[in-house]
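These notes concern the structure reproduced below.
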Amino acid sequence: MKSEMTFIDHLEELRTHIIRSVIAILIAAIVIFIYRDWVFDYVVAGPINKDFVTYSALCRFSHWAHMGDALCMPPVNVTMQSTTFGGQFLGSITMALVGGIILAFPYVFYQFWRFVRPALKEKEAKNTRFVIFWVSFFFFTGAAFGYFFLGPFTFNFLAGFQLGTQKMITTIPTFSDYVDNLTNIMLGCGLAFELPVLAFILTKIGLITPSFLKKTRKYAIIVILILAAFITPSPDWMSQMIVFIPLWLLYELSIIVSSRVAKQQKLDDEAEWD
Numbered sequence: 064m065k066s067e068m069t070f071i072d073h074l075e076e077l078r079t080h081i082i083r084s085v086i087a088i089l090i091a092a093i094v095i096f097i098y099r100d101w102v103f104d105y106v107v108a109g110p111i112n113k114d115f116v117t118y119s120a121l122c123r124f125s126h127w128a129h130m131g132d133a134l135c136m137p138p139v140n141v142t143m144q145s146t147t148f149g150g151q152f153l154g155s156i157t158m159a160l161v162g163g164i165i166l167a168f169p170y171v172f173y174q175f176w177r178f179v180r181p182a183l184k185e186k187e188a189k190n191t192r193f194v195i196f197w198v199s200f201f202f203f204t205g206a207a208f209g210y211f212f213l214g215p216f217t218f219n220f221l222a223g224f225q226l227g228t229q230k231m232i233t234t235i236p237t238f239s240d241y242v243d244n245l246t247n248i249m250l251g252c253g254l255a256f257e258l259p260v261l262a263f264i265l266t267k268i269g270l271i272t273p274s275f276l277k278k279t280r281k282y283a284i285i286v287i288l289i290l291a292a293f294i295t296p297s298p299d300w301m302s303q304m305i306v307f308i309p310l311w312l313l314y315e316l317s318i319i320v321s322s323r324v325a326k327q328q329k330l331d332d333e334a335e336w337d
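Start counting the sequence shown at 64; every next residue gets the next number (the working numbering).
Written out as C-alpha cells, the structure reads:
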C-alpha cells in the first residue's frame, strides 16, 4: 500500500520517475540531434527567417485591419557566428536537449503526477483527472505563442537596434546567444501560461479565492507588466504588450476558473451536510 511506504520507499519511487523522465528527454533529444540540420533550418531558425509564416501573416492582418504597414516587420538579416571550434557542436547538443525537454514535457509531468497522486484523496484525484491535458495544453500554447509571436518581434527589434548614429557597432550574435534567447522566450511563455492551472490548484487547496483575485487585480496588472518586461528580452513596448495582453487575459480566465471551483466546492459541502 502506498500509505504504508517508508521514506526510503518514497525516495526509490521518486528516483524511478526521475529516471523515466530523463530517458524520455534523452530519447527526444537524440531524435532531434539526428535530424539537427532540418530542425535548425526549419524550426530553430524560423523566427529569424525572412520567409517565416508570422511575418507574412501579421502583414496581411495589418492590411486587412486597415492599419497600413503597422505590423509589417522588415526581413530579419542575421548572420550568426561561432567563436570556438566546438561551438556549433555544443550548440547542437544544447538545441537537442532543450527540444527534448519541450517535447517530453507531457510525459515528464505525467511521471511527476504519478508520484504525487497517491497523496491525494480519492475525491481530489477525481477532480483533477484532466490535469495532465490542461497543463500540457497551456504549456504548449504558451511555448507556441513565444515561438510564433514574441520571438519574431523580439529578434526583429534586437537585430535592427542601432546604438549611435555613425553605425560603428555591428550586431553579430553567437549561435548559443540566439538559442538562449529563444529558449527563455518559449519556456518563459510556456510557464507563464500555466496561470489558470495554478489558480485551479490554489483554489482547490484554499490558498486563494475568487474575491481575492478580483481585489488584487490592479496589483496583478503591475506584476504582469513586470513579468512581461522580464520575459521579453527587447525593451520595445510593442513586444511587451504582446506578452502582457495574453497574460492579462489568462489572469481574467483564472478568476473564472477560481469562481467555478469555489462554487463547486460550496455545492459539494452543502450536499455533504445534507
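In this text, a Cβ means the ideal position worked out from N, Cα and C, and glycines have one as well.
Along the alpha helix (DSSP H) that carries residue i, what are the first and last residues, could you check?
i	result
Gln174	Phe168 to Val179
Val102	Arg99 to Val102
Ile264	Leu258 to Lys267
Val116	Val116 to Trp127
Ser274	Pro273 to Lys278
Give the straight-line distance between the Cα atoms of residue i and residue j, rounded to the nearest whole angstrom.
i	j	result
Gln229	Gly223	14 Å
Val161	Ser317	29 Å
Leu276	Phe148	52 Å
Leu330	Gly269	15 Å
Thr272	Ser321	7 Å
Arg280	Val286	10 Å
Ile235	Phe293	23 Å
Val306	Arg123	21 Å
Met158	Asn244	12 Å
Trp197	Pro110	27 Å
Val107	Thr69	45 Å
Ser84	Ile156	18 Å
Asp104	Leu310	30 Å
Leu265	Val139	42 Å
Thr237	Gln151	10 Å
Lys65	Tyr314	Note on Lys65: pLDDT 45, under 50, position unreliable in the model; the coordinate value appears next. The straight-line gap from Cα to Cα measures roughly 36 Å.
Phe201	Phe256	6 Å
Phe193	Ala206	20 Å
Ile31	Ile165	Outside the displayed range of the chain (64 to 337) lies residue 31, so it cannot be described from this structure.
Val324	Ile71	36 Å
Phe218	Trp300	14 Å
Mapping the DSSP letters down to three states, classify residue i as helix, strand or coil.
i	result
Met64	Any reading at Met64 is ruled out, since the residue's pLDDT is 42, under 50, leaving its predicted position unreliable.
Checklist entry - Can you give, in chain order, each stretch of the alpha helix (DSSP H) that sits fully within the segment 204-242 and has at least 4 residues? => result 214-223
Checklist entry - When the Cβ atoms of the segment 247-266 are set against those of the segment 171-178, are three or more pairs found closer than 8 Å? => result no
Next on the checklist: Three or more C-beta pairs under 8 Å: does that hold for the segment 202-215 against the segment 106-123?
Outcome noted: yes
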